[in-house]
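*Asks:* Protein chains in written order, with my numbering: chain A, 3 to 242; chain B, 3 to 242. Every residue, glycine too, gets a C-beta built ideally from N, C-alpha and C. One structure is given below, represented as structure tokens, and several questions about it will come after.
See the structure below:
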């Protein structure tokens with residue numbers, strides 16, 4: 003924290019960039035807009051009570067014997083032998099309470115930060131205001147961690163980071179050039195977010211898989227009010 | 003090259019991101035706006051005939067015995083024992099013909115790509131149009147490699163990448179989300195480039211070192227018409 007007592011805000015455009023930052027005492031906001039973190043928020047807002055994010059498919063199957071529903075994707079497609087995929091609509095079906103989930107990028111990003119950050123929360127356009135309000139109330143340094151695509155930069159996560167940075171501008175010190183860049187980029191496309199993202203690589207990839215509805219859903223702003231937080235490897239909603 | 007015979011254009015926001023791309027047969031445009039690549043362009047436009055970029059300070063001193071002027075910086079400051087620093091004004095003084103140069107980021111970025119890319123050229127706002135025209139005439143895939151700051155993203159190099167991507171839009175297929183993001187960010191700040199970059203981390207760092215004039219100089223668009231290219235480890239201007 004700096005001399006006039008505002009916490010800092012930083013953005014990592016990819017999980018690898020976390021290696022440049024000391025996460026000690028900081029809140030990490032993990033973001034994977036298409037679709038992992040949007041789906042986590044949507045499910046936990048709609049009746050799911052526990053989501054365990056895991057890196058390996060084998061780990062997910064291990065929880066199946068403990069009455070967890072297995073969910074996830076690899077390369078944007080449902081995993082063979084798993085109960086459900088990574089669509090927010092599946093997770094909102096109100097059939098499931100406990101889900102174990104593994105995805106190409108989002109759950110890996112959680113793994114990257116969970117041992118070093120003081121707290122890990124889940125961000126998406128769906129709960130942008132709720133995340134904003136929570137962070138403003140904590141008075142702690144924040145790092146927004148974009149999941150990206152297999153280690154590379156992606157547009158949708160970085161635009162969300164810009165949106166969140168703008169919301170937090172007056173309460174935090176922006177640190178690093180990523181905040182500057184992402185906020186300018188978000189400002190210039192916010193009225194055409196969906197149109198701009200239709201040109202993005204991941205949108206085109208998922209469109210081929212027939213999940214355009216999922217993506218339109220994930221771009222809704224403030225549809226939900228919950229903030230998922232990682233407690234002992236389980237994501238649950240923060241108390242309101 | 004894809005089916006309708008346009009070459010591709012990609013951006014790496016940091017040298018590390020090059021690891022995701024096969025550079026074989028591609029032209030790498032190395033960018034370090036504050037100040038290495040701007041200074042190389044300015045020097046070579048003003049009487050310098052050879053610039054050898056090296057990674058280590060010891061390597062630079064080795065060339066001193068071969069009548070090379072030693073130039074460079076570490077952390078934005080002139081290196082003790084070197085003849086000159088990394089200011090474009092020093093390199094334009096028309097006193098020197100042959101310079102060996104080592105910098106914190108720019109010369110490292112050249113090192114990262116020089117063995118894999120088919121050709122390495124030097125980009126900056128100072129020679130934006132010249133670089134654009136050269137690339138349009140080659141009909142080869144292009145990768146813009148931002149030097150960043152010690153492995154991290156920086157605003158000025160990424161904004162230049164956005165500017166160059168926009169110039170090449172009709173002649174190249176944009177590949178990856180970086181092109182999309184950088185071009186939107188550049189479009190939104192291009193009329194206030196200097197004002198926006200005054201908030202950037204590297205600008206503030208260099209401002210403390212008293213080189214604000216250097217940075218204003220480096221943000222001039224199309225001041226020079228030369229395109230430096232790496233031949234056998236030596237940067238020289240491409241023939242006009």
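In chain A, which residues lie less than 8 Å from residue 18 of chain B when you measure between Cβ atoms?
*Replies:* Position 16 of the second chain, counting from 1, holds the residue named residue 18 of chain B. Neighbours of residue 18 of chain B on chain A, chain order: 18.
*Asks:* Taking the CB atoms as reference points, tell me whether residue 93 of chain B and residue 125 of chain B lie closer together than 7 Å.
*Replies:* The count along the second chain starts at 1 and reaches residue 93 of chain B at position 91. The count along the second chain starts at 1 and reaches residue 125 of chain B at position 123. Against a cut-off of 7 Å, the Cβ pair of residue 125 of chain B and residue 93 of chain B comes out as no contact.
*Asks:* Out of A:105, A:100, A:99 and A:96, state which residue places its alpha-carbon closest to the alpha-carbon of residue 87 of chain A.
*Replies:* Within the first chain, numbered from 1, the residue matching residue 87 of chain A stands at position 85. Of the listed residues, the one whose Cα sits closest to residue 87 of chain A is A:105.
*Asks:* So is residue 159 of chain A in contact with chain B if we call contact Cβ pairs under 7 Å?
*Replies:* Along the first chain, one-based indexing puts residue 159 of chain A at 157. Answer no: the Cβ-Cβ gap between residue 159 of chain A and chain B never drops below 7 Å.
*Asks:* Does the CB of residue 221 of chain A have a neighbour CB from chain B at under 7 Å?
*Replies:* The count along the first chain starts at 1 and reaches residue 221 of chain A at position 219. Chain B, which has no Cβ nearer than 7 Å to the Cβ of residue 221 of chain A, makes this no.
*Asks:* Leaving out five residues before and five after residue 116 of chain A in sequence, what residues of the same chain have Cβ atoms less than 7 Å from its Cβ?
*Replies:* Position 114 of the first chain, counting from 1, holds the residue named residue 116 of chain A. 122 and 232, listed in sequence order.
*Asks:* Can you grab the Cα-Cα spacing for the pair residue 175 of chain A / residue 159 of chain A, in whole Å?
*Replies:* Translated into the one-based positions of the first chain, residue 175 of chain A becomes position 173. Translated into the one-based positions of the first chain, residue 159 of chain A becomes position 157. Taking the straight line from one Cα to the other gives about 21 Å.
*Asks:* From which residue to which residue does the alpha helix (DSSP H) around residue 45 of chain B run?
*Replies:* Residue mapping note: residue 45 of chain B aligns to position 43 of the second chain, counting from 1. Its alpha helix (DSSP H) spans residues 38-46.
*Asks:* Excluding the 5 residues preceding and the 5 following residue 111 of chain B in the sequence, name in chain order all residues of the same chain whose CB lies nearer than 7 Å to its CB.
*Replies:* In the second chain, the residue the question calls residue 111 of chain B occupies position 109. Counting only Cβ-Cβ distances below 7 Å, and skipping sequence neighbours, we find 17, 32, 34, 147 and 149.
*Asks:* If we count Cβ pairs, one from each stretch, closer than 8 Å, do we get three or more for the region 134-147 of chain B versus the region 161-173 of chain A?
*Replies:* Result no; under three Cβ-Cβ pairs closer than 8 Å.
*Asks:* Does residue 83 of chain A pass the burial test, meaning 16 or more other C-beta atoms within 10 Å, or should it be called exposed?
*Replies:* As a first step, residue 83 of chain A is located in the first chain; it is residue number 81 there, counting from the start. With fewer than 16 Cβ atoms within 10 Å of its Cβ, residue 83 of chain A is classed as exposed.
*Asks:* To the nearest whole angstrom, what separates the beta carbons of residue 119 of chain A and residue 237 of chain A, a pair I think is in contact under 8 Å?
*Replies:* Along the first chain, read from residue 1 onward, the residue named residue 119 of chain A stands at position 117. Along the first chain, read from residue 1 onward, the residue named residue 237 of chain A stands at position 235. In fact, because the Cβ distance is near 14 Å, the residues do not count as touching under 8 Å.
*Asks:* Are the CB atoms of residue 127 of chain A and residue 221 of chain A nearer to each other than 7 Å?
*Replies:* Along the first chain, one-based indexing puts residue 127 of chain A at 125. Along the first chain, one-based indexing puts residue 221 of chain A at 219. Against a cut-off of 7 Å, the Cβ pair of residue 221 of chain A and residue 127 of chain A comes out as a contact.
*Asks:* Under 8 Å Cβ-Cβ, which residues of chain B neighbour residue 156 of chain A?
*Replies:* Within the first chain, numbered from 1, the residue matching residue 156 of chain A stands at position 154. Near residue 156 of chain A (Cβ distances below 8 Å), the residues of chain B are 179.
*Asks:* Buried or exposed: where does residue 172 of chain B fall if 16 or more other Cβ atoms within 10 Å of its Cβ makes it buried?
*Replies:* In the second chain, counting from the first residue as 1, residue 172 of chain B sits at position 170. Residue 172 of chain B comes out exposed.
*Asks:* Relative to the alpha-carbon of residue 30 of chain A, which residue among A:242, A:229 and A:213 has its alpha-carbon at the smallest distance?
*Replies:* Here the question's residue 30 of chain A lines up with position 28 in the first chain. Selected option, being the one with the closest Cα: A:229.
*Asks:* Could you spell out the range, first to last residue, of the alpha helix (DSSP H) harbouring residue 121 of chain A?
*Replies:* Residue mapping note: residue 121 of chain A aligns to position 119 of the first chain, counting from 1. That residue, residue 121 of chain A, is in no alpha helix (DSSP H); its beta strand (DSSP E) goes 121-125.
*Asks:* What does a CB cutoff of less than 6 Å around residue 3 of chain A pick up in its chain, not counting 5 residues either side in sequence?
*Replies:* Position 1 of the first chain, counted from the start, is the residue given in the question as residue 3 of chain A. Residue placement at residue 3 of chain A cannot be trusted, given a pLDDT of 47 that sits under 50; the coordinates are not used to answer.
*Asks:* In chain order, which alpha helix (DSSP H) runs of at least 4 residues are fully inside the region 135-171 of chain A?
*Replies:* Within the region 135-171 of chain A, the complete alpha helix (DSSP H) runs of at least 4 residues are 157-169.
*Asks:* If we count the other Cβ atoms within 10 Å of its Cβ and call it buried at 16 or more, is residue 40 of chain A buried or exposed?
*Replies:* Mapped onto the first chain, residue 40 of chain A falls at position 38. The residue in question, residue 40 of chain A, is buried, as its Cβ has 16 or more Cβ neighbours within 10 Å.
*Asks:* Could you tell me the boundaries of the beta strand (DSSP E) in which residue 94 of chain B lies?
*Replies:* The residue you call residue 94 of chain B lines up with position 92 of the second chain. It is not in any beta strand (DSSP E) - residue 94 of chain B carries neither H nor E in the DSSP assignment.
*Asks:* Compare the C-alpha of residue 234 of chain A against each of A:80, A:181, A:151 and A:52 and name the closest.
*Replies:* Your numbering for residue 234 of chain A matches position 232 in the first chain. Ranking the options by Cα distance to residue 234 of chain A, first place goes to A:52.
*Asks:* Considering only residues of the same chain and omitting the five flanking positions on each side of residue 225 of chain A, which have a CB-CB separation below 7 Å?
*Replies:* If you number the first chain from 1, residue 225 of chain A lands on position 223. The residues are 128.
*Asks:* Contact check, residue 57 of chain A vs residue 109 of chain A under 8 Å by CB: the rounded distance?
*Replies:* Residue 57 of chain A sits at position 55 when you count from the first residue of the first chain. Residue 109 of chain A sits at position 107 when you count from the first residue of the first chain. Right, their Cβ atoms sit about 6 Å apart.
*Asks:* Can you tell me where the alpha helix (DSSP H) holding residue 62 of chain A begins and where it ends?
*Replies:* The residue labelled residue 62 of chain A in the question sits at position 60 within the first chain. 59-66 is the extent of the alpha helix (DSSP H) around residue 62 of chain A.
*Asks:* In whole angstroms, what separates the C-alpha of residue 187 of chain B from that of residue 200 of chain B?
*Replies:* In the second chain, residue 187 of chain B corresponds to position 185, counting from 1. In the second chain, residue 200 of chain B corresponds to position 198, counting from 1. Taking the straight line from one Cα to the other gives about 16 Å.
*Asks:* Would residue 13 of chain A pass as a contact of residue 132 of chain A if the rule is Cβ separation under 7 Å?
*Replies:* For the purposes of this step, residue 13 of chain A is taken as the residue at position 11 of the first chain. For the purposes of this step, residue 132 of chain A is taken as the residue at position 130 of the first chain. In this structure, residue 132 of chain A does not lie closer than 7 Å to residue 13 of chain A by Cβ.
*Asks:* Tell me, please, which residues DSSP counts as bridged to residue 74 of chain B.
*Replies:* As a working note, residue 74 of chain B is residue 72 in the second chain. In DSSP, residue 74 of chain B forms a bridge with B:104.
*Asks:* Just to confirm before moving on: does the CB-CB distance between residue 196 of chain A and residue 190 of chain B stay below 7 Å?
*Replies:* Numbered from 1 along the first chain, position 194 holds the residue referred to as residue 196 of chain A. Numbered from 1 along the second chain, position 188 holds the residue referred to as residue 190 of chain B. The answer is no: Cβ separation not under 7 Å.
*Asks:* Where DSSP assigns a beta bridge to residue 184 of chain A, which residues make up the other side?
*Replies:* If you number the first chain from 1, residue 184 of chain A lands on position 182. According to DSSP, which records beta bridges pairwise, residue 184 of chain A is partnered with nothing at all.
*Asks:* I'd like to know whether the C-beta of residue 182 of chain B is nearer than 7 Å to at least one C-beta of chain A.
*Replies:* Counted from its first residue, the second chain places residue 182 of chain B at position 180. By this cut-off, residue 182 of chain B is an interface position.
*Asks:* Answer yes or no: do residue 179 of chain B and residue 203 of chain A have a C-beta to C-beta separation smaller than 7 Å?
*Replies:* By one-based count along the second chain, residue 179 of chain B stands at place 177. By one-based count along the first chain, residue 203 of chain A stands at place 201. In contact: residue 179 of chain B and residue 203 of chain A (Cβ atoms closer than 7 Å).
*Asks:* With 9 Å as the C-beta to C-beta threshold (strictly closer), list the residues of the region 90-109 of chain B near chain A in chain order.
*Replies:* Residues passing the 9 Å Cβ filter: none.
*Asks:* Give the straight-line distance between the Cα atoms of residue 89 of chain A and residue 49 of chain A, rounded to the nearest whole angstrom.
*Replies:* Position 87 of the first chain, counting from 1, holds the residue named residue 89 of chain A. Position 47 of the first chain, counting from 1, holds the residue named residue 49 of chain A. Roughly 15 Å separates the two Cα atoms.
*Asks:* Below 8 Å between beta carbons is the criterion; list the residues of the region 71-91 of chain A that meet it against any residue of chain B, in chain order.
*Replies:* Residues: none.
*Asks:* Does any residue of chain B have a CB that is nearer than 7 Å to the CB of residue 31 of chain A?
*Replies:* Along the first chain, read from residue 1 onward, the residue named residue 31 of chain A stands at position 29. It does not: the Cβ of residue 31 of chain A has no partner Cβ on chain B nearer than 7 Å.
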